[in-house]
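Note that full-length UniProt numbering numbers the sequence shown so that position 60 is 60, with each residue one more than the last.
C-beta: ideal position from N, C-alpha, C; glycine also.
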Amino acid sequence: MGDLLSRLSLQPVDSSDFEDMLAVRIDAMRPSLERVGRFDLARSRERLSAGFAVPFMHHIVLDGDQRVGFVTLKPEGADALRLDHLYLRTGFQGSGIGEWVVRWAKAEAREKKLDIKLTALVQSDANRFYLRHGFVLEGEEGVDLHYRWRVQDTSVLSNVHSKTTTRSG
């Protein structure tokens, strides 16, 4: 798996990529949407179109040219980034790529001192994934679950660690 992750990169999205990205979204989401009786091609197109923000979107690329998914990380208010889309082709799910992307998103959030918010579908395997990676469930709305990962001020943690080390030292 480590070798696979070293072969990944993020590349910019162009507006002409919409149809290919829609196919990735449908491939990734169809099983979960069918499980809750919500799969609809028109709705899938509409949801992606509504969140299609090229400046904040990246293709997840293997070996420089194989697009295996995409991610959107965009500002939301003054205190957070929104992880709006993280979709991987089904053949690449469970390979560590999603974790690689979440680590990247957290690094971006730490640099900007912002939390990360996201929404996942109820009964989706993504819920376990996000909980495992430190996201906390903050609410539920229809078939959507809302999560938040809180950025930690590393300077505060360093001060706490220094004081703990000094006391025990």
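For residue i, the nearest candidate out of the options (CA to CA)
i, options, result
"Glu138", "Tyr130, Leu131 and Tyr147", "Tyr147"
"Leu131", "Val143, Phe92 and Val102", "Val102"
"Glu141", "Ala120, Arg128 and His133", "Ala120"
"Trp104", "Leu83, Val122 and Leu145", "Leu83"
"Ala42", "Glu99, Arg30 and Trp100", "Arg30"
"Asp14", "Val71, Pro55, Ile26 and Lys112", "Pro55"
"Glu76", "Leu118, Leu33, Asp40 and Glu19", "Leu118"
"residue 176", "Glu111, Trp100, Asp79 and Met57", "With the chain running from 1 to 169 in the structure shown, residue 176 is simply not present."
Contact check, residue i vs residue j, beta carbons under 8 Å
i, j, result
"Arg150", "Asp125", "no"
"Ser6", "Val61", "no"
"Arg38", "Val143", "yes"
"Lys74", "Ala53", "yes"
"Gln123", "Arg47", "no"
"Ala28", "Tyr87", "yes"
"Gly51", "His85", "yes"
"Gly98", "Phe129", "yes"
Other residues of its chain near residue i: CB distance less than 6 Å, five sequence neighbours each side excluded
i, result
"Ala109", "Leu81, Ile116 and Val151"
"Arg67", "His59 and Val61"
Chain-order list of residues whose beta-carbon lies under 7 Å from that of residue i (same chain, five-residue window excluded)
i, result
"Asn127", "Ala120 and Leu145"
"Leu4", "Ser95 and Gly96"
Under the three-state DSSP convention, the category residue i falls into
i, result
"Ala120", "strand"
"Ala50", "helix"
"Lys113", "coil"
"Glu141", "strand"
"Ser9", "strand"
"Gly98", "helix"
"Val24", "helix"
"Gly69", "strand"
Assumed close pair residue i, residue j - CB separation to whole angstroms, cut-off 8 Å
i, j, result
"Arg89", "Gly69", "6 Å"
"Arg25", "Ser44", "6 Å"
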